[in-house]
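What follows is a short report on a single structure.
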Amino acid sequence: MNSLVFDFLVHEGEEEAARCFIKEANLCSTHIPDRMQKRVEICKHVQTGNIEAAINGLNDLSPEILDTNEDLMFSLLRLQLMEKIRPHITSENEEELTKMFQETLDFASENLVPLTRTGHMNKLEDIMALVCFPFTQLPEKFRALVNENQRDIVAKQVNTSILLAEGYTVNSKLDDLLNYYRWSLRQTPNWDVKPSSSSTSEEVSSSSC
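So that you can map any letter, position 168 of the sequence shown is 168 in the UniProt record's numbering, and since no number is skipped, the others follow by simple counting.
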């Protein structure tokens, strides 16, 4: 059980909690992974909107992660573009909006278009809609793109990519166990269990005595 909990904390990047758990559970032979702190730092950069620092951190940690994962690179650059757009999205200053539109177009053309593949073009078009139409008139689907919870979504993607690069599984062992438990519950039919005729007869005989 201790190993399951520790593995879960490592996967979630809870370094301080993992250290406390080692101490409280007296796990003398268990150690924090060497690069866990760096992984946590990179994810925090994403969660605070410092995407450039996150990309630099990933390249320092393991350059092949971004070299071989275009989906992750696209997600990071797309988030970086959203961070640039967010402060100006509701502005009514025409000059400011024009400047934002040009900067968005330049950034997208230079960084995102080369990564555009099936499935990515729609995501890029969604971003461009933010600067092509008045923000208040856009459907919620588009306005949600500038919500800061997008940072958490990409941070989780970054965390998973680093874990895989370091030989870990996508999910912790505890998550896998819980998923299997939920799956087994869904597979179990909701049968009404009724006593067999023999057991019913025995109960009747017993009550008669």
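All residues carry an ideal CB built from backbone N, CA and C; glycine is no exception.
May I have the straight-line CA-CA distance separating residue 130 from residue 85, to the nearest angstrom? 8 Å
Check whether the segment 47-54 and the segment 151-163 are in contact - that is, three or more C-beta pairs closer than 8 Å. yes
Output the distance between the C-alpha atoms of residue 15 and residue 53, rounded to the nearest integer angstrom. 20 Å
Applying the 10 Å Cβ sphere with the 16-neighbour rule, what's the burial state of residue 78? buried
For residue 90, three-class secondary structure by DSSP: coil
Just to confirm, are residue 122 and residue 43 a CB contact at a threshold of 7 Å? no
Which word fits residue 205, buried or exposed, when buried means at least 16 other C-beta atoms lie within 10 angstroms of its C-beta? Its pLDDT being 47, under 50, residue 205 is placed unreliably in this model, and the value from its coordinates should be taken loosely. Counting Cβ neighbours within 10 Å, residue 205 comes out exposed, since fewer than 16 surround it.
Measure from the alpha carbon of residue 210 to the alpha carbon of each residue in 83, 60, 55 and 103, then state which is nearest. Here the chain comprises residues numbered 1 to 209, so residue 210 is not present and cannot be evaluated.
Taking only the alpha-carbon atoms, compute the straight-line gap between residue 26 and residue 1 and give it to the nearest angstrom. 13 Å
Own chain residues within Cβ distance below 7 Å of residue 35, not counting five before or after: 61 and 166
Please indicate yes or no: does the CB of residue 161 lie closer than 6 Å to some heavy atom of the ligand GDP? The ligand GDP is not among the ligands present in this structure, which contains no ligands whatsoever.
Residue 47 - containing alpha helix (DSSP H), residue span: 36-47
Hey, out of 80, 140, 101 and 96, whose CA is closest to residue 112's CA? That would be 80, whose Cα lies nearest to the Cα of residue 112.
Throw me the rounded Cβ distance for the residue 108 and residue 124 pair, which I believe falls under 8 Å. Residue 108 to residue 124, Cβ: 6 Å. Contact.
How would you label residue 105, buried or exposed, when you count the other beta carbons within 10 angstroms and need 16 or more for buried? exposed
Buried or exposed: residue 164, going by 16 or more other Cβ atoms within 10 Å of its Cβ? Taking all protein chains in view, the Cβ of residue 164 is surrounded by fewer than 16 other Cβ atoms within 10 Å, so the residue is classified as exposed.
Burial state of residue 161 (16 or more Cβ within 10 Å): buried
Can you tell me which of the three DSSP states residue 117 falls into? Residue 117 falls in the coil class under three-state DSSP.
With residue 115 and residue 70 assumed to form a contact (beta carbons below 8 Å), what rounded beta-carbon distance in angstroms separates them? 5 Å
Measure the C-alpha to C-alpha separation of residue 182 and residue 11 and round it to an integer number of angstroms. 20 Å
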